[in-house]
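Each residue of the sequence shown is one higher than the last, beginning at 846 in the working numbering.
Note that the Cβ used here is the ideal one computed from N, Cα and C, for glycine as well.
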Amino acid sequence: MALVLHGGEPLLGGTDYVESAITAIRRGLGPIQADLLLQTNGVLLTASIADRLIDAGLSIGISLDGNQAANDLNRTFSNGRSSYHAVLGAVRLMSTTARVESFAGILCTVQIAIPPLEVWRSLLDTGSPSIDFLLPHGTWEAPPPGLPSDGSTPYADWLIAIFDEWFDAAVRPVRVRMFEDLLDLVLGGPGGHEGFGLQPFPAVVIETDGSYEQADSLKAAFERAAQTGLAVPEHSIDDYLAQPGVIARQIGSAALAHACRECDVVRICGGGMYAHRYRRGSGFRNPSVYCANLFALVRHIQRRVATALEERGTSLAEVTLRHNC
């Protein structure tokens, strides 16, 4: 089990508050073991705060969208001042030998306005042990930035440029969760990324007021989309799991649109992130607004893997068959 303190910005509550929350959580869990992680934008993270959080048993993840140009598209202070150097300082702080084992890595939201390899190489330069890419939230009603309606695939193209440089490296310089999960799925595995595959999504969000919510990405769909009407302590997690929207995240292809169920890459793509399927009138039973991009990305990775396996005297079909036996 994993427990993530997310935001917003959890460090706005202060280190004392975070420590007391972790103490209460551990007391409530009793003998149950859990990985504890705090996700921060980094601007409030200092050496003393980082060390206190690590001593409390927390891993720390930092949100950074690449170089300064990428960061400043969405992550400036209220007065317009760049947050980049503060965040970069936090990443380098966590990348030191004394702290890197507690560094959960960088979470990077894709910004297609910035050249992909500029973003990639700037992230590598930070020394982070891992990177995960997130697609910006969007729906058919409110498409993500720069996504055209002509079927072209700028998000896939952006990610493919980075994937190829990462995949072709003699020694892969860093773990990239999105790519590793896609490779696992292509090779017949179950994956583990929220945005891919048909595995159940066993997660619950508990807000600071005690209310249960579905994944906060649903807030991109429509107002109150993530709300369940349930709260701690009046309702149990079993009550939460009985909600229709939660059930839809657990039943794999049965919750997908017909076009998705008939698609050649559905086991890998999984229909994309649930929130990104929303369209007024038909709800979430639609292909992802990123459908063409997801298809192009998956097909590219399949081709790269197939070629690499053929060079080693085997085939993707044989490896997938062995994996599933």
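- If the five residues before and after N916 are omitted, its C-beta is found closer than 8 angstroms to the C-beta atoms of L909, D910, S927, S928, Y929, V932, all from its own chain and listed in chain order.
- For C1136, there is no enclosing beta strand (DSSP E); the residue is part of the alpha helix (DSSP H) that begins and ends at 1136–1156.
- 8 angstroms or more divides the Cβ of G991 from the Cβ of I959.
- In terms of CA proximity to G972, V936 leads the group Q1147, A949, E963, V936.
- Judged by beta-carbon spacing, A949 lies within the 8 angstroms limit of S904, meaning their Cβ atoms are closer than that value.
- Listed as beta-bridge partners of T885 by DSSP are I907.
- In the structure shown, the three-state DSSP call for Y1123 is coil.
- Excluding its 5 nearest sequence neighbours in each direction, I1005 has C-beta neighbours in its own chain below 6 angstroms: H1145, listed in chain order.
- As DSSP reads the structure, G950 sits in a beta bridge with G906.
- For I976, no alpha helix (DSSP H) encloses it; the enclosing beta strand (DSSP E) starts and ends at 975–979.
- Taking C-beta atoms as the reference points, I1096 and G1042 fail to come closer than 8 angstroms.
- Boundaries of the alpha helix (DSSP H) around S967: 961–969.
- By the CB criterion at 8 angstroms, G996 and A1137 fall inside the cutoff.
- Here D880 carries a strand assignment [DSSP, helix/strand/coil].
- Here F922 is exposed: its Cβ has fewer than 16 other Cβ atoms, across all protein chains shown, within 10 Å.
- With a cut-off of 8 angstroms on Cβ pairs, the region 1121–1130 is in contact with the region 975–994, counting three or more such pairs.
- In the three-state reduction of the DSSP assignment, G1036 falls in the coil class, being assigned neither a helical nor a strand state.
- Annotated as proximal: L848 and I870, with beta-carbon spacing under 8 angstroms.
- Assigned with DSSP and collapsed to three states, V1111 falls in helix.
- The residue among I1092, V1110, N1131 with its C-alpha nearest the C-alpha of L1101 is N1131.
- Bridge pairing for Q1072: E1058 [DSSP].
- When the five nearest sequence neighbours on each side are left out, the beta carbons in the same chain lying within less than 8 angstroms of the beta carbon of I951 are those of G906, I907, S908, L909, V936, L968, T971, S973, S975, I976, D977, in order along the chain.
- Approximately 7 angstroms separates the beta-carbon atoms of L979 and V955; this is inside 8 angstroms, confirming the contact.
- Following the DSSP letters along the chain, one finds L1027 inside the alpha helix (DSSP H) bounded by residues 1022–1031.
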